């Protein structure tokens with residue numbers, strides 16, 4: 343997986359799944375019984391166990407830390423909870439310069455539970471890589487401003503447009519949080535880092551370039567010295583792929599709304615990509631899913647490296663056996679040089 | 343507005359707003375007290391009153407029928423309600439061939455309340471046009487399959503991929519509903535027709551072309567003989583604009599995620615466009631909003647016709663005075679030939 347991320351020669355196609363550690367696995371649902379999402383992220387043994395569950399079951403080529411985009415906000419002291427069926431809820435949304443000024447800076451020491459989890463994971467993983475991740479500044483900010491997941495991010499964009507100084511101060515804070523969160527993961531033993539800008543597809547390219555890209559660039563630059571591949575991903579980002587790369591990514595994650603061949607061409611066919619099996623295809627008969635995977639493998643050959651993944655997270659209703667079958671199949675398909 | 347939709351010379355820029363009749367107006371909130379959304383759509387006097395409220399207040403160049411995408415489903419006899427704060431809820435989602443076979447066809451006579459509302463509206467409007475609208479087949483189907491608004495349309499896409507026969511039967515049914523709904527509106531006196539594919543931005547272009555476009559084409563072709571401008575619009579459709587045009591649209595609506603100049607260029611600069619003020623800009627100081635409107639007017643000159651609108655519906659929290667100011671301003675900006 344790391345070789346593909348660097349564009350080096352590989353002897354088999356690497357594959358992992360965003361949200362592979364999570365609700366689709368019965369063993370996950372069992373260990374999560376009676377414990378909140380955030381608590382499960384900050385208990386090192388539990389977070390390690392959940393991270394490792396899909397490794398034991400699926401033969402994927404990388405683990406991804408079981409965590410959440412808002413975990414560093416939580417550990418910084420922001421009043422956030424993850425409400426079941428809703429998502430992250432910020433009890434006092436950030437809407438003014440004064441609100442931003444009061445945001446607590448994230449002390450790397452507060453991330454000790456994350457470092458401890460990673461130590462436990464890396465010990466069991468052996469040579470298999472662990473991917474660390476963080477939410478990108480825009481996505482963190484949109485949670486902080488909206489107070490909860492939003493369809494159109496109207497309040498976020500209104501703040502951005504009407505009070506750019508406050509906006510940039512907020513994104514600078516969020517960039518420091520993201521950077522710290524990623525650095526701690528890298529220093530604790532993660533082998534690659536993924537920056538998730540989950541909601542950025544709500545923006546046009548000129549708006550992204552002006553209000554977001556400088557801060558995502560700060561995050562990616564801020565971890566460059568670790569020498570780990572930096573993956574940059576968001577959904578609905580077909581128009582933003584080139585700009586997201588320009589922030590300093592080593593690998594671009596492609597969602598399932600953009601055909602992989604189109605994304606690679608748009609990116610210039612000179613950067614490794616990750617993606618983009620349509621999660622809806624997990625619910626189709628195997629021959630159809632196999633043909634879809636074949637098409638993605640074929641398209642991926644136009645890039646210098648290709649990490650097979652879904653175009654979005656594993657749906658909670660996905661059948662783990664289908665994920666296992668994809669891994670088995672992808673590993674069997676010959677790598678054409 | 344109709345001249346702009348046809349690409350004919352105009353003497354001032356036409357402007358209206360998607361969802362101009364609705365929750366942003368206090369007079370709307372007043373008349374809706376104690377009455378459900380669907381009931382208010384099928385009481386002709388009330389639907390007419392609500393449709394006309396923004397005409398009296400905003401000086402917009404067109405009325406748009408106060409209705410909802412699911413109204414024709416409701417009048418066809420589908421068990422649907424609009425749950426406050428949620429949106430349309432289908433009590434028995436459509437997931438199988440048998441479910442599709444049981445869907446009741448829409449008798450044009452069942453749309454009498456809509457025709458009556460339009461007669462009342464057109465009488466008061468005089469020469470000002472009324473825009474009729476319908477949900478496009480994909481959007482209707484996604485409500486029917488998911489049972490409620492969805493972020494990723496996973497169930498819809500799973501049905502589409504795994505059971506294409508059922509999918510195409512469902513979309514053919516939905517296309518008949520959309521066509522009937524639009525035809526009744528045109529025959530009752532609407533001067534233009536807008537086909538809303540609200541959720542289609544969830545699809546990649548190849549998926550759209552294979553599973554959706556033929557049915558949207560049937561709808562647009564099915565009303566072509568009425569001779570009314572056909573506007574085609576969806577959000578997050580930057581990759582789909584050309585394909586949506588190819589369905590038979592006379593005007594393409596552009597959402598605020600795509601700069602209007604980019605959309606016009608992508609479309610070939612030879613079809614009128616509608617859009618695309620960012621609704622978030624309604625919450626910024628006037629000089630910033632004015633500059634944004636100026637930029638959109640300037641970009642619109644590259645198309646043979648441009649109808650000023652938002653890139654999405656009026657947010658419930660918008661200030662109607664801001665909308666009125668936009669109309670006043672747009673009407674003052676000279677038309678450059």
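Residue numbers (my numbering), protein chains in the order written: chain A, 343 to 679; chain B, 343 to 679.
Note that beta-carbon positions come from the ideal geometry of N, C-alpha and C, so glycine has one too.
The model shown is predicted, which means the values in this text are computed figures rather than measured ones.
- Query: For residue 359 of chain A versus residue 651 of chain A, is the C-beta distance shorter than 8 Å?
  - Reply: The sequence position of residue 359 of chain A within the first chain is 17, counting from 1. The sequence position of residue 651 of chain A within the first chain is 309, counting from 1. Yes, these two residues count as a Cβ contact at 8 Å.
- Query: Expressed to the nearest angstrom, what Euclidean distance is found between the alpha-carbon atoms of residue 590 of chain B and residue 559 of chain B?
  - Reply: Position 248 of the second chain, counted from the first residue, corresponds to residue 590 of chain B. Position 217 of the second chain, counted from the first residue, corresponds to residue 559 of chain B. For residue 590 of chain B and residue 559 of chain B, the distance between alpha carbons rounds to 6 Å.
- By DSSP, does residue 344 of chain A sit in helix, in strand, or in coil? On the first chain, residue 344 of chain A is found 2 positions in, with the first residue counted as 1. Reduced to three states, the DSSP call for residue 344 of chain A is helix.
- Nearest-angstrom Cα separation, counted from residue 444 of chain B out to residue 413 of chain A: Start at 1 with the first residue of the first chain, and residue 413 of chain A comes out as number 71. Start at 1 with the first residue of the second chain, and residue 444 of chain B comes out as number 102. The alpha-carbon of residue 413 of chain A is positioned some 48 Å away from that of residue 444 of chain B.
- Task: Below 8 Å CB to CB, which residues in the same chain sit around residue 583 of chain B once its five sequence neighbours on both sides are set aside?
- Result: One-based indexing of the second chain puts residue 583 of chain B at position 241. So the qualifying residues of the chain are 594, 596, 600, 605, 608, 609.
- Find the residues of chain B that neighbour residue 630 of chain A, judging by a C-beta separation of less than 9 Å, and give them in chain order. Looking up residue 630 of chain A in the first chain gives position 288. Neighbours of residue 630 of chain A in chain B, taken as residues whose beta carbon is under 9 Å from its own, are 503, 504 in chain order.
- Query: residue 467 of chain A and residue 514 of chain A: beta carbons closer than 8 Å?
  - Reply: If you number the first chain from 1, residue 467 of chain A lands on position 125. If you number the first chain from 1, residue 514 of chain A lands on position 172. Taking 8 Å as the Cβ cut-off, residue 467 of chain A and residue 514 of chain A do not qualify as a contacting pair.
- Which same chain residues, not among the five before or five after residue 568 of chain A, have their C-beta less than 6 Å away from its C-beta? As a first step, residue 568 of chain A is located in the first chain; it is residue number 226 there, counting from the start. Result list for residue 568 of chain A: 528, in chain order.
- Interface residues of chain A around residue 444 of chain B at Cβ under 8 Å? On the second chain, position 102 is the one that residue 444 of chain B refers to. Within chain A, no residue comes near residue 444 of chain B; the closest Cβ sits about 23 Å away, beyond 8 Å.
- Task: If I'm right that residue 635 of chain A touches residue 672 of chain A with Cβ under 8 Å, what's the distance once you round it to whole angstroms?
- Result: Residue 635 of chain A sits at position 293 when you count from the first residue of the first chain. Residue 672 of chain A sits at position 330 when you count from the first residue of the first chain. At roughly 7 Å, the Cβ-Cβ gap stays under 8 Å, so residue 635 of chain A and residue 672 of chain A are in contact.
- Task: Report all residues from its chain with a CB closer than 6 Å to the CB of residue 554 of chain B; omit the five preceding and five following residues, and keep chain order.
- Result: By one-based count along the second chain, residue 554 of chain B stands at place 212. If the five residues before and after residue 554 of chain B are omitted, its C-beta is found closer than 6 Å to the C-beta atoms of 480, all from its own chain and listed in chain order.
- Query: Taking buried to mean at least 16 other C-beta atoms within 10 Å of its own C-beta, is residue 628 of chain A buried or exposed?
  - Reply: Taking the first residue of the first chain as 1, we reach residue 628 of chain A at position 286. It is exposed - the Cβ of residue 628 of chain A has fewer than 16 other Cβ atoms within 10 Å.
- At least three beta-carbon pairs within less than 8 Å, the segment 649–669 of chain A to the segment 640–659 of chain B: Taking one beta carbon from each stretch, the segment 649–669 of chain A and the segment 640–659 of chain B have fewer than 3 pairs nearer than 8 Å; the two do not touch.
- Measuring CA to CA, which of B/504, B/494, B/508, B/537 is closest to residue 520 of chain B? Here residue 520 of chain B refers to the residue found at position 178 of the second chain. By alpha-carbon distance to residue 520 of chain B, the top candidate from B/504, B/494, B/508, B/537 is B/537.
- Item | For residue 651 of chain A: DSSP bridge partner residues | For the purposes of this step, residue 651 of chain A is taken as the residue at position 309 of the first chain. Its beta-bridge partners are A/618.
- Query: Whose Cβ in chain B lies nearer than 8 Å to the Cβ of residue 607 of chain A?
  - Reply: Counted from its first residue, the first chain places residue 607 of chain A at position 265. For residue 607 of chain A, there are no C-beta contacts with chain B under 8 Å, since the nearest C-beta of that chain is about 13 Å from it.
- Message: Starting from residue 565 of chain A, trace the alpha helix (DSSP H) in both directions and tell me its first and last residue.
- Response: Position 223 of the first chain, counting from 1, holds the residue named residue 565 of chain A. No alpha helix (DSSP H) holds residue 565 of chain A; DSSP gives it neither H nor E.
- Does the distance from the C-beta atom of residue 432 of chain A to that of residue 489 of chain A stay below 8 Å? The count along the first chain starts at 1 and reaches residue 432 of chain A at position 90. The count along the first chain starts at 1 and reaches residue 489 of chain A at position 147. With respect to the 8 Å criterion, residue 432 of chain A and residue 489 of chain A are classified as neighbours on the basis of their beta carbons.
- For residue 536 of chain A, three-class secondary structure by DSSP: Here residue 536 of chain A corresponds to residue number 194 of the first chain, with the count starting at 1. Correct three-state label for residue 536 of chain A: strand.
- Query: If you compare alpha carbons, which of B/474, B/577, B/525 is closest to residue 493 of chain A?
  - Reply: Against the first chain, residue 493 of chain A aligns to sequence position 151. Nearest in C-alpha terms to residue 493 of chain A, of all of B/474, B/577, B/525, is B/577.
- Query: Which bits of chain A does residue 625 of chain B rub up against, with CB to CB less than 9 Å?
  - Reply: Residue 625 of chain B sits at position 283 when you count from the first residue of the second chain. Simply 496, 497, 499, 500, 501, 503, 504.
- Collapsed DSSP secondary structure at residue 584 of chain A in the structure displayed: Counted from its first residue, the first chain places residue 584 of chain A at position 242. Assignment of residue 584 of chain A by DSSP, reduced to helix, strand and coil, places it in the helix class.
- Message: Is the beta carbon of residue 496 of chain A closer than 8 Å to that of residue 452 of chain A?
- Response: To locate residue 452 of chain A, count along the first chain from 1; it is residue 110. To locate residue 496 of chain A, count along the first chain from 1; it is residue 154. Going by C-beta atoms, residue 452 of chain A is not nearer than 8 Å to residue 496 of chain A.
- Task: Using alpha carbons as the reference points, say which of A/586, A/566, A/352 lies closest to residue 575 of chain A.
- Result: Here residue 575 of chain A refers to the residue found at position 233 when the first chain is read from its first residue. The candidate whose alpha carbon is nearest that of residue 575 of chain A is A/586.
- Euclidean distance between Cα positions of residue 343 of chain B and residue 581 of chain B: Taking the first residue of the second chain as 1, we reach residue 343 of chain B at position 1. Taking the first residue of the second chain as 1, we reach residue 581 of chain B at position 239. Computed Cα separation, rounded: 26 Å.
- Would you say residue 657 of chain A faces chain B, with C-beta separation under 8 Å as the test? Translated into the one-based positions of the first chain, residue 657 of chain A becomes position 315. By the rule that beta-carbons nearer than 8 Å mark a contact, residue 657 of chain A touches chain B.
- Can you say whether residue 378 of chain A is buried or exposed, counting buried as having 16 or more other CB atoms within 10 angstroms of its CB? Numbered from its first residue, the first chain carries residue 378 of chain A at position 36. So residue 378 of chain A counts as exposed.
- Query: Mind listing which residues of the segment 585–602 of chain A have their C-beta closer than 8 Å to chain B's C-betas, in chain order?
  - Reply: Residues of the segment 585–602 of chain A with a Cβ closer than 8 Å to any Cβ of chain B, in chain order: 598, 599, 600, 601.
- Item | residue 384 of chain A and residue 455 of chain A closer than 8 Å at C-beta | To locate residue 384 of chain A, count along the first chain from 1; it is residue 42. To locate residue 455 of chain A, count along the first chain from 1; it is residue 113. Between residue 384 of chain A and residue 455 of chain A, the CB-CB gap stays under 8 Å.
- Thinking C-alpha only, which one of A/390, A/398, A/540, A/350 is nearest residue 484 of chain A? Counting from one through the first chain, the residue named residue 484 of chain A turns up at place 142. Comparing alpha carbon positions, the residue from A/390, A/398, A/540, A/350 closest to residue 484 of chain A is A/540.
- Give the interface partners of residue 545 of chain A over in chain B, defined as CB-CB distance under 8 Å, in chain order. The residue labelled residue 545 of chain A in the question sits at position 203 within the first chain. Chain B residues near residue 545 of chain A: 599.
- Query: Where does the unbroken alpha helix (DSSP H) through residue 528 of chain A begin, and where does it stop?
  - Reply: For the purposes of this step, residue 528 of chain A is taken as residue 186 along the first chain, with counting starting at 1. That run of the alpha helix (DSSP H) goes 506–530.
- Task: Provide the residue(s) that pair with residue 575 of chain B in DSSP beta bridges, ordered along the chain.
- Result: Walking along the second chain from the start, residue 575 of chain B turns up at place 233. Per the DSSP secondary-structure output, residue 575 of chain B pairs in a beta bridge with B/538.
- Member of A/649, A/547, A/473, A/663 whose CA lies at the smallest distance from the CA of residue 626 of chain A: Against the first chain, residue 626 of chain A aligns to sequence position 284. Residue 626 of chain A has its Cα closest to that of A/663, out of A/649, A/547, A/473, A/663.
- Message: Quick check: what's the CA-CA separation for residue 430 of chain B versus residue 486 of chain B?
- Response: Here residue 430 of chain B is taken as the residue at index 88 of the second chain, counted from 1. Here residue 486 of chain B is taken as the residue at index 144 of the second chain, counted from 1. Distance between the alpha carbons of residue 430 of chain B and residue 486 of chain B is about 9 Å.
- Please state whether DSSP places residue 670 of chain B in a helix, a strand or coil. Along the second chain, one-based indexing puts residue 670 of chain B at 328. Here residue 670 of chain B sits in helix by DSSP.
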